[in-house]
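Heads up, the thing below is written out as structure tokens.
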Amino acid sequence: MAYNIKIDAFEGPMDLLLHLINRLEIDIYDIPMAEITEQYLSYIHTMKHLELDVASEYLVMAASLLAIKSKMLVPKHEEERLYDEEGIEYEEDPRDELVEKLIEYKKYKLAAHELKMLEEDRSLMFMKPPSDLGEFAKEAEMNHPNLNVSLYDMLGALQKLLRRKKLQKPMYTKVTRQEVSIEKRMDQIMADLQAIKGRKSFFELFLEPEKEQIVITFLAILELVKLNEIFLEQEQNFAEIFVATKDGVRKVGSD
Amino acid sequence: MEVINWKGIVEALLFAAGDEGLSLKQLTSVLEMAELQTKEVLQDLKEYYEENESGLQLVEIADVYQLATKKEHSDYIKKLVESSGSGGLSQASLETLAIIAYKQPITRTEIEEIRGVKTDRPLQTLISKALVKEIGRAEGAGRAYLFGTTKEFLDYFGLKTLKELPALGASTEENFEQGEADLFFEKFQETLE
Amino acid sequence: MEVINWKGIVEALLFAAGDEGLSLKQLTSVLEMAELQTKEVLQDLKEYYEENESGLQLVEIADVYQLATKKEHSDYIKKLVESSGSGGLSQASLETLAIIAYKQPITRTEIEEIRGVKTDRPLQTLISKALVKEIGRAEGAGRAYLFGTTKEFLDYFGLKTLKELPALGASTEENFEQGEADLFFEKFQETLE
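Chains as they are written, first to last, in our numbering: chain A, 199 to 453; chain B, 3 to 195; chain C, 3 to 195.
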């Protein structure tokens, strides 16, 4: 898993470049190509050294950085000179395309940041599931699929449900999280069984519909069976399972 | 000193809990106050609804509190149901359809476990619209009906096979599947240690 | 003459509709009044929530009106929720989503050109979360899929319409990338010298 630590810190070569520009306090409109290329390459070397899987995009970017750098070292020929509408000479900067791309990317990176804030803000609001209005409805309408819904409406509904469902979980989790240990649950089950002095339906031990609770109860039962503290009975296949104590067993964990 | 708006907090809690409501115990534990105090806040909220022009009321059934609409507005709610009955599928129906599509074959009880609410109506709607049908019976005592999607479902959403349904992302899957197996495994490991 | 409590009725209707919400049109048709009047009632309800110690608020998300809990009570409600982890979208997904939101309709290749990396995975995640959908095909040889945002996208970020997206590039970068401001100041100084 170690090699998976990952370039996750960066969303790609553009992101890495923006980071370097920021860290080196470089003007994005006047990037010192030699410096940034060196930094970029050293970063890639480090990643390789750490046996990180350097995605091909990073290498492609490295190549184009080197290309820009070398272009800038070559002196201009007369025929390459460029003039704007007013006939004033200007230089085409080999960095232009890169800068443009970086600025474009940065715009969306900022927008992503804004979305993140909206996401957080939205998560502070809770909605309620639609009420079951069955009692108000007349008989099911038999009109055939002219439903006017798409697959995405269905997926959207599912997402809404999942978001909402997180809330509907009863409180038991929080309470049990504070560790109803298996040992404790074993004690509870024993106390329970001793109190009724008879057998109890297996399923009645699982009253709290919380998965953690279910797992703990189940493990507690297994443990009690292993310790010969309780018996499980089933009269036939698929019949109800009963749990019963031996008579006069000592309380688990009391010694 | 800042005054805490307990009434508002309880209203928000009950609202978010929806039709399931919250027990006095749950409320007390969230608010971290004595049961008696919680009861007082609930009483406040109840009176607030009665005195004001609110459309809601506080209902208590066996120590479980839930919000509900006032009876006197039921005519309008009825109208709402009737007017929305014609076109489109309700949120409830769409949710149910999604669950069936991804988890078929599935029983009604299982759907209700995922949704956390009764699902007779939406299921009925989906069957009447031929998007869903009974495709068998579950094993075990109840022999409950198993539901699945129909050919019309595929046609309607322009799918050739069920495999063309968009894959659910890992995180969605996780929520959906409850991750029971993992938890189980984790706990087992703990006991082994 | 009996005065009809429209505000209470609307509250009851919105309560029943839950996170499905109700459009202005739906409300208007159930109340059998003019849209303008419905809007007034909605405004009344909004103010009622703001002025009172209510735990609820009226919001307009994805072009429907919905009731929601007030943000200030979220701490208490979160106590009811199983620790939900961070849950938010990954950086890759957020970037991809931002590009789609502002440039839709857009092909995957176009997104990748801007991000400079492969974007299959985030796109898949966004589709499975129903935040993004195929909205057509590009012209030309490849007839690549064009992507756009969904209604769920608006819902997820609490936006009424796409027009409510923050203006692109207008955001202040100050709290985003530290050092930028300093850099700017430096440059400013340089030009003064």
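Built from N, CA and C at the ideal position, the CB exists for glycine as well.
Query	Result
Spatial distance of E114 of chain B from T121 of chain B (CA atoms)	6 Å
N- and C-terminal bounds of the alpha helix (DSSP H) containing G10 of chain C	W8 to A19
C-alpha distance - N7 of chain C paired with L69 of chain C, whole-angstrom precision	18 Å
Contacts of R362 of chain A in chain F (Cβ-Cβ under 7 Å)	Of the chains in the structure shown, none is chain F; the protein chains are A, B and C.
Between the CA atoms of G20 of chain C and K81 of chain B - distance to the nearest angstrom	16 Å
Opening and closing residue of the alpha helix (DSSP H) in which E52 of chain C lies	E37 to E53
For I116 of chain C and E233 of chain A, the rounded distance between their alpha carbons	24 Å
Under 7 Å by beta carbon: chain A residues contacting E97 of chain C	E209, Y306, K307 and A310
Spatial distance of I387 of chain A from E402 of chain A (CA atoms)	11 Å
Pairwise C-alpha distance: S329 of chain A and K153 of chain C	21 Å
Neighbourhood of H75 of chain C by C-beta distance below 7 Å, restricted to the same chain and skipping five residues each side	G57
Segment limits, beta strand (DSSP E) that includes T151 of chain B	Y147 to T151
Chain B contact for T163 of chain C (CB, 8 Å cutoff)	no
Rounded straight-line distance, which links the Cα of M352 of chain A to that of E84 of chain B	22 Å
Inter-stretch contact at 8 Å, needing at least 3 Cβ pairs: the stretch 290-298 of chain A / the stretch 36-53 of chain C	no
Sequence-distant residues of the same chain with beta carbon closer than 8 Å to T71 of chain C, five excluded per side	G57, L58, Q59 and I79
Proximal residues of chain A, C-beta to C-beta of E154 of chain C below 8 Å	Y350, L353, G354, Q357 and K358
Simplified DSSP state of K314 of chain A, which is helix, strand or coil	helix
One or two residues paired with R397 of chain A in a DSSP bridge	A:A442
Test: I79 of chain B CB closer than 8 Å to a CB of chain A	yes
Within chain C, the residues that R397 of chain A reaches when beta carbons sit closer than 9 Å	Residues of chain C passing the Cβ test: none, with the nearest at roughly 34 Å.
Cβ-based burial, V119 of chain B [other Cβ within 10 Å; buried from 16]	buried
Segments assigned alpha helix (DSSP H), at least 4 residues, entirely inside the stretch 53-132 of chain B	76-86, 93-105, 110-117 and 122-130
Listed by chain order, chain C residues near F324 of chain A by CB distance under 8 Å	A70, T71, S76 and I79
Beta-carbon proximity list for V373 of chain A, same chain, < 8 Å, skipping 5 on both sides	Low confidence applies to V373 of chain A: its pLDDT is 37, below 50, so where it sits in the model is not reliable, and the reading given next is rough at best. Excluding positions up to five away in sequence, the list is empty.
Nearest neighbour of Q106 of chain B, chosen from B:L133, B:R123 and B:Q93 [CA to CA]	B:L133
Element boundaries [beta strand (DSSP E), containing V134 of chain B]	V134 to R139
Chain A contact for R123 of chain C (CB, 8 Å cutoff)	no
Beta-bridge pairing of F429 of chain A - partner residues as DSSP gives them	A:A442
Burial state of F429 of chain A, where buried means 16 or more other Cβ atoms lie within 10 Å	exposed
Chain C within 8 Å of K105 of chain B, Cβ atoms only	no
Secondary structure of L24 of chain B, DSSP reduced to three states	strand
C-beta contact flag for T109 of chain B and A146 of chain B at 8 Å	yes
Residue-level contact to chain A via CB, Q59 of chain B, 8 Å cutoff	no
Residues near L300 of chain A by beta carbon distance below 7 Å, same chain, minus five either side	M212, L215, L216 and I226
Same chain only: Cβ atoms within 8 Å of L222 of chain A, ignoring 5 sequence neighbours per side	E233, I234 and Q237
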